[in-house]
Each structure stands twice: as structure tokens, then as C-alpha cells.
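Have a look at the structure below before the remarks.
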Amino acid sequence: HASSKFKWRLLRHRRFGPALRHWYKEKAIARPAKRMAVAIITASWLLIIFSGRPPEIVALTGLVLLACTIFLLTRPEPRGVSGD
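What follows is the structure, encoded as C-alpha cells:
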């Protein structure tokens, strides 16, 4: 099956494999990945704010991004992996 082959290829990937394996095994996200994600989420919201979108769109987007950030930050860190 093609999707199974793709999944195993990603799990063995040099760069993405470790993070994906941590997610599958522990539902965990490493601290550096959390930091990067929060930085990108913040930058995205700032772009929306300064793009001149209506306040309702800015607020709704902010709430969605806040929920995503809370979910992300409440995931455990992988066991046995130093975060920094």
C-alpha cells in the first residue's frame, strides 16, 4: 500500500523521523519544536493583524491560534531527550 510505504519512509527520515516517532510512541513534542512552532504561530498572527483584516477575523484567528498553542504546549516532552 502506497501510504504505508510513505509512512515508513517518513518514520525513517533523518530529519523528520525522530519527531514523528516520538509523536507515535508518546504523543510527545520536543521543546525546540514547540519553541519554533510558537514563534511561527506568533509571526503568522502578527501578519494577520498588520494585513488590515477586519477585527472579527483577527480575533477569531487569534482564538484558533491560541487554542493550537495551548494544545502544543501541553503535550509532554519525549522521555530521554534533552530539550536544549
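Using our numbering, the final residue of the sequence shown is 92, and nothing's skipped along the way. Virtual Cβ for every residue (Gly too), placed ideally from N, Cα, C.
{"Item": "Cutoff 8 Å; reference PHE24; Cβ partners in own chain excluding five residues on either side", "Value": "LEU18"}
{"Item": "Proximity winner among SER12, ALA36, PRO86 and ALA27, relative to PHE79 (alpha-carbon distances)", "Value": "ALA36"}
{"Item": "Where the alpha helix (DSSP H) through ILE49 begins and ends", "Value": "39 to 58"}
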